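For the sequence shown, our numbering begins at 2 and goes up steadily by one.
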Amino acid sequence: MRGASPVRAQRSMTNVIRRDDTAHCRPHRSDGNLEGMMNDAVIEVEELRRTYAGGFTAVDGVSFSVARGELFALLGTNGAGKTSTLEMLEGLARPSGGTVRVFGHDPYTKRTAVRPRMGMMLQEGGFPSDLTVAETVGMCAGCTSGARPTPEALDLVGLTKRSGVRVKQLSGGEKRRLDLALALLGRPEVLFLDEPTTGLDAEGRRDTWELIRELRDGGTTVLLTTHYLEEAETLADRLAIMHQGRIDVTGTPAEVTATRPARIRFVLPQNVPAGRLPLSLRAAANGQAVEIRTQRLQRDLSELLRWAEDSGVELGALDARSASLEEAFLDIAARTAETAGAAGAAGAGAAGTVETAGTVDAR
2 MRGASPVRAQ RSMTNVIRRD DTAHCRPHRS DGNLEGMMND AVIEVEELRR
52 TYAGGFTAVD GVSFSVARGE LFALLGTNGA GKTSTLEMLE GLARPSGGTV
102 RVFGHDPYTK RTAVRPRMGM MLQEGGFPSD LTVAETVGMC AGCTSGARPT
152 PEALDLVGLT KRSGVRVKQL SGGEKRRLDL ALALLGRPEV LFLDEPTTGL
202 DAEGRRDTWE LIRELRDGGT TVLLTTHYLE EAETLADRLA IMHQGRIDVT
252 GTPAEVTATR PARIRFVLPQ NVPAGRLPLS LRAAANGQAV EIRTQRLQRD
302 LSELLRWAED SGVELGALDA RSASLEEAFL DIAARTAETA GAAGAAGAGA
352 AGTVETAGTV DAR
């Protein structure tokens with residue numbers, strides 16, 4: 002993790018963004034209907050790059066867009082480059098290359114046109130530890146145009162009963178809720194959430210998910226980063242999987258998983274060898290345990306069941322399912338690692354030496 006960089010300090014000071022509530026009206030979004038949303042892009046990113054001192058590239062040619070009223074998830078492991086990307090979208094860091102547009106403006110050079118319409122939730126908030134929760138929200142509300150009343154902001158995130166508690170006495174999960182309350186003070190049109198449920202227990206995570214859905218359904222455009230697969234799969238209208246500074250795939254959760262093969266697993270009786278299975282199923286066997294990976298789940302499953310019925314074979318522990326987001330993500334990570342490994346081996350062979358890079362928080 003980097004130290005207190007200028008960007009980090011600036012993000013802490015701009016956690017609460019001023020906004021003119023009368024400037025814009027938000028369209029309501031039909032449940033699950035992306036076609037019904039306004040199709041103009043609120044966020045547009047093209048070939049975005051960010052390179053740190055020393056030549057380390059944390060974001061390497063990233064492109065995507067986010068529509069008005071859409072919930073877009075940037076999914077990746079720690080160090081994938083998600084937060085570095087977010088800092089450029091928020092206008093807190095200048096891109097090394099490529100372009101960013103938020104509401105049609107460059108957020109870095111046209112900050113006054115963009116920031117009053119944004120809300121930001123940081124990975125780590127910087128609160129005066131001796132203030133109470135209510136005092137912290139009230140202090141930030143004082144410099145936020147059209148801010149929600151403090152009781153309303155605390156009620157949104159379930160901190161009403163903790164309003165008189167000093168910030169230093171809050172648990173990690175409660176501090177995350179306070180982060181979210183501050184991000185929502187100005188009723189933002191676009192909301193950036195950086196790992197919003199890190200540190201929350203299961204109940205707190207579900208409550209936060211429900212609040213994020215309500216904001217999205219009310220017309221707020223939401224871009225969140227997460228390393229929780231379930232979070233992205235549950236919340237996102239669309240998502241991008243980011244790994245080692247690049248985006249491998251973008252689409253709805255269903256579109257992303259559809260690019261990966263489905264799986265059929267079962268166990269054959271001891272007296273039935275796997276060689277009796279139809280060759281068209283391309284089964285892989287480990288003893289009597291069999292796995293079929295296929296892009297034609299319904300057809301191959303039907304063929305398997307017909308064969309079993311005709312042959313009088315009972316299939317044990319039969320399980321058929323489409324690919325999960327986890328499988329898609331792990332497949333991308335594995336392929337990237339193989340490519341990097343091959344490139345590294347070739348470079349080492351040519352140069353005869355291997356250099357070890359210093360520790361860098363690519364985030």
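Virtual Cβ for every residue (Gly too), placed ideally from N, Cα, C. Because the structure is a prediction, the values reported are computed rather than measured.
Just mark residue i as buried or exposed, buried being the case when its beta carbon has 16 or more other beta carbons within 10 Å.
i, result
"residue 271", "exposed"
"residue 233", "buried"
"residue 41", "exposed"
"residue 83", "buried"
"residue 296", "exposed"
"residue 154", "buried"
"residue 51", "buried"
"residue 76", "buried"
"residue 307", "exposed"
"residue 299", "exposed"
"residue 311", "exposed"
"residue 110", "exposed"
"residue 239", "buried"
"residue 124", "buried"
"residue 367", "Missing from the structure shown is residue 367; the chain here goes from 2 to 364 and no further."
"residue 202", "exposed"
"residue 256", "exposed"
"residue 313", "exposed"
"residue 263", "buried"
"residue 285", "exposed"
Is residue i helix, strand or coil when you go by DSSP?
i, result
"residue 60", "strand"
"residue 67", "strand"
"residue 54", "coil"
"residue 330", "helix"
"residue 95", "coil"
"residue 249", "strand"
"residue 139", "helix"
"residue 186", "coil"
"residue 1", "Outside the modelled stretch of the chain, which goes from 2 to 364, sits residue 1, for which no answer is possible."
"residue 319", "strand"
"residue 134", "helix"
"residue 222", "strand"
"residue 266", "strand"
"residue 192", "strand"
"residue 161", "helix"
"residue 227", "strand"
"residue 205", "helix"
What separation, rounded to the nearest whole angstrom, lies between the Cα atoms of residue i and residue j?
i, j, result
"residue 188", "residue 289", "59 Å"
"residue 136", "residue 162", "14 Å"
"residue 177", "residue 190", "21 Å"
"residue 113", "residue 55", "32 Å"
"residue 108", "residue 92", "4 Å"
"residue 248", "residue 195", "17 Å"
"residue 27", "residue 241", "At residue 27, the pLDDT of 34 sits below 50, so the modelled position is not reliable; the number obtained from the coordinates is stated separately. Rounded to the nearest angstrom, the two C-alpha atoms are 25 Å apart."
"residue 365", "residue 68", "Shown here, the chain extends from 2 to 364; a query on residue 365 therefore has no answer."
"residue 165", "residue 86", "36 Å"
"residue 200", "residue 224", "19 Å"
"residue 1", "residue 319", "The structure shown does not extend to residue 1, since the chain spans only 2 to 364, so no value can be given for it."
"residue 205", "residue 81", "25 Å"
"residue 143", "residue 130", "18 Å"
"residue 146", "residue 174", "27 Å"
"residue 273", "residue 291", "12 Å"
"residue 258", "residue 63", "21 Å"
Could you check which residue in the options has the C-alpha nearest to that of residue i?
i, options, result
"residue 156", "276, 301, 183 and 203", "183"
"residue 105", "90, 58 and 243", "90"
"residue 321", "268, 244, 245 and 78", "268"
"residue 150", "220, 185 and 60", "185"
"residue 207", "284, 235 and 225", "235"
"residue 59", "287, 275, 301 and 246", "246"
"residue 334", "251, 294, 285 and 243", "243"
Here's a check: name, in chain order, each residue in its chain whose Cβ is nearer than 7 Å to the Cβ of residue i, leaving out the five neighbours to either side.
i, result
"residue 327", "230"
"residue 237", "72, 73, 74 and 254"
"residue 97", "50, 51 and 52"
"residue 301", "265, 282, 293 and 295"
"residue 95", "109"
Counting only the same chain and skipping the five closest in sequence on each side, list residues whose C-beta sits under 8 Å from that of residue i.
i, result
"residue 304", "279, 281 and 282"
"residue 261", "324, 328, 329 and 332"
"residue 358", "Because residue 358 sits at a pLDDT of 29, beneath the cut-off of 50, its placement in the model cannot be relied upon, and the point is left open."
"residue 1", "Examination of residue 1 is not possible in this model, given that the chain is present from 2 through 364 alone."
"residue 216", "185, 192 and 223"
"residue 198", "177, 205, 206, 209, 210, 227, 229 and 232"
Whose C-beta lies closer than 6 Å to the C-beta of residue i among residues of the same chain, with five residues either side of it excluded?
i, result
"residue 181", "122 and 158"
"residue 78", "228"
"residue 309", "316"
"residue 100", "47"
"residue 221", "192"
"residue 251", "65 and 241"
"residue 128", "137 and 168"
"residue 45", "66 and 102"
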